[in-house]
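Contents: one structure, followed by commentary.
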Amino acid sequence: MDVLKFSTVSDLMQRLALAPPMHPLIALVNYDRQQISLSDAGKWFMLDFYKITFKRTFQGSVKYGPGSYDFKEGGMAFLGPGQVVQMSGDQNDYEGYALYFHPDLLAHYPLAQGIKQYGFFDYTVAEALFLSAKEKQVIVTVFEAIGLELENSIDQFSNDVLVAQLELLFNHSNRFYNRQFQTRTPTHHELIAKMNAWIYDQLDNGEKLINGLPSPQDIAAYLNVSQRYLSDMLRSMTGMTTQQHIHLALIEKAKTLLNQTDLNVAEIAYQLGFEHPQSFNKLFKQRTNSTPVQFRRDRQGGN
79 MDVLKFSTVS DLMQRLALAP PMHPLIALVN YDRQQISLSD AGKWFMLDFY KITFKRTFQG
139 SVKYGPGSYD FKEGGMAFLG PGQVVQMSGD QNDYEGYALY FHPDLLAHYP LAQGIKQYGF
199 FDYTVAEALF LSAKEKQVIV TVFEAIGLEL ENSIDQFSND VLVAQLELLF NHSNRFYNRQ
259 FQTRTPTHHE LIAKMNAWIY DQLDNGEKLI NGLPSPQDIA AYLNVSQRYL SDMLRSMTGM
319 TTQQHIHLAL IEKAKTLLNQ TDLNVAEIAY QLGFEHPQSF NKLFKQRTNS TPVQFRRDRQ
379 GGN
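Just so you know, we're using this note's numbering here: the sequence shown kicks off at 79 and counts up by one.
Quick look at the structure:
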């Protein structure tokens, strides 16, 4: 697959036949006012900067990575540096806003590190943010404020204002994603149930643990979701990360083996995928405030 790589926002604007950005590190494309060139339709782009796409509502889809996101309800999609996007050839797909900003814009600001907490830049296409009418208006207001700031001449306050506006946009998006996790509970409860069933199946089958314990990456791949989306969704709905769910299932399985078998602690550790029994002992003690030996002795009445 041939990929066109863009290192600067200015280079991308030129390629799309758009006016040069007023600020070299950030550009806002308002599709109501600007029409891009479709000469590269079907080609894949890799950006060394961030992209946020916002659609109010329209009949169309935007292709990200191996899939596409249907924006018929309107919503937002987030792309981090180094990810790949395919350019659509349908002019109807270009509605709403596209915001591009380079990581260098955040240099010398806490947001340069803080942006890592916003997991949606690592989500996949199927995990885009759907927005209510009220939420759309909130997002439009922020985009309009960014647009107004970009129309001003750059001065010593420009970056301060723009970075603050970006952080506001991220915080609204975080809030709306949390609402999405909560309001789509049937779907997410099914996902959690499927995850737990898979984890216990792995733990019940020693042959599947030959290469070690299941990882968050393994679970996300099985569920066909991004690792970050899964962890954020679980934290929102259960208060635990994917790794903590793995540990919870692991401890419950260990308790069963300690109660119902004569396997020694080392044998249980190996059966559960631990390379070193000491690691199993440490985790068990952390989660139960008891060593495996103490747990078994207590359950057997101290005998």
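Quick reminder that beta carbons are idealized off the backbone N, C-alpha and C, glycines included.
{"Query": "Rounded Cβ spacing between Lys214 and Gly152 (contact assumed at less than 8 Å)", "Result": "6 Å"}
{"Query": "Which of helix, strand or coil DSSP assigns to Gly197", "Result": "helix"}
{"Query": "Option nearest Thr334 by Cα separation, candidates Met318, Tyr278, Asn367", "Result": "Tyr278"}
{"Query": "Cβ-Cβ distance between Leu116 and Leu90 below 8 Å", "Result": "no"}
{"Query": "Short Cβ contact (8 Å threshold) for Met100 with Leu228", "Result": "yes"}
{"Query": "Where the beta strand (DSSP E) containing Phe84 begins and where it ends", "Result": "81 to 84"}
{"Query": "Residues bridged to Gln104 (per DSSP)", "Result": "According to the sequence as given, residue 104 is Ile; it is not Gln. According to DSSP, Ile104 bridges with His101, Phe179."}
{"Query": "Where Lys121 falls: helix, strand or coil (DSSP)", "Result": "coil"}
{"Query": "Proximity to Met315 [Cα-Cα], best of Leu326, Pro264, His354", "Result": "Pro264"}
{"Query": "Arg315, enclosing alpha helix (DSSP H) - first and last residue", "Result": "Looking at the sequence itself, residue 315 is Met, so the reference to Arg does not match. Taken as a continuous stretch (DSSP letters only), the alpha helix (DSSP H) holding Met315 covers 305 to 316."}
{"Query": "For Leu184 and Thr219, the rounded distance between their alpha carbons", "Result": "22 Å"}
{"Query": "At least three beta-carbon pairs within less than 8 Å, the stretch 329 to 343 to the stretch 285 to 301", "Result": "no"}
{"Query": "Cβ distance (whole Å) where Phe198 is taken to contact Ser251 below 8 Å", "Result": "6 Å"}
{"Query": "Whole-angstrom distance between Met165 and Val140, CA atom to CA atom", "Result": "Per-residue confidence for Val140 stands at a pLDDT of 48, beneath the threshold of 50, marking its modelled position as unreliable; the derived number appears in the next sentence. If you take the alpha carbons of Val140 and Met165, they lie about 8 Å apart."}
{"Query": "Three-state secondary structure (DSSP) of Ala332", "Result": "helix"}
{"Query": "Nearest candidate by alpha-carbon position, reference Thr32, set Ile217, Leu308, Phe362, Ile324", "Result": "Outside the displayed range of the chain (79 to 381) lies residue 32, so it cannot be described from this structure."}
{"Query": "Residues that Tyr128 bridges to, as DSSP identifies them", "Result": "Phe179"}
{"Query": "Close Cβ partners of Lys83 (< 6 Å) along its chain, the five nearest in sequence each way excluded", "Result": "Met124"}
{"Query": "Limits of the unbroken alpha helix (DSSP H) element including Gly157", "Result": "Residue identity differs from the one stated: residue 157 is Leu in this sequence, not Gly. Per DSSP, Leu157 belongs to no alpha helix (DSSP H); it is in the beta strand (DSSP E), 153 to 157."}
{"Query": "Euclidean distance between Cα positions of Arg134 and Arg262", "Result": "20 Å"}
{"Query": "Beta-carbon proximity of Ile104 to Phe179, cut-off 8 Å", "Result": "yes"}
{"Query": "Which of helix, strand or coil DSSP assigns to Gln161", "Result": "coil"}
{"Query": "Same chain, Cβ closer than 7 Å to Asp238, five either side skipped, listed in chain order", "Result": "none"}
{"Query": "Through-space distance from Asp310 to Gln321, alpha-carbon basis", "Result": "12 Å"}
{"Query": "Cβ distance (whole Å) where Leu301 is taken to contact Met273 below 8 Å", "Result": "6 Å"}
{"Query": "Three-state secondary structure (DSSP) of Phe208", "Result": "strand"}
{"Query": "N- and C-terminal bounds of the alpha helix (DSSP H) containing Ser251", "Result": "236 to 261"}
{"Query": "Per DSSP, the bridge partner or partners of Lys360", "Result": "BP columns for Lys360 are empty, so no partner."}
{"Query": "Inter-residue Cα distance where the pair is Phe235 and Pro102", "Result": "15 Å"}
{"Query": "Residue from Phe208, Gln195, Asp376 with nearest C-alpha to Thr131", "Result": "Phe208"}
{"Query": "Proximity below 8 Å, CB of Val95 to CB of Gly167", "Result": "Checking the sequence shown, residue 95 turns out to be Ala, not Val. No, these two residues do not count as a Cβ contact at 8 Å."}
{"Query": "Option nearest Lys212 by Cα separation, candidates Tyr196, Phe254, Ala271, Gln161", "Result": "Phe254"}
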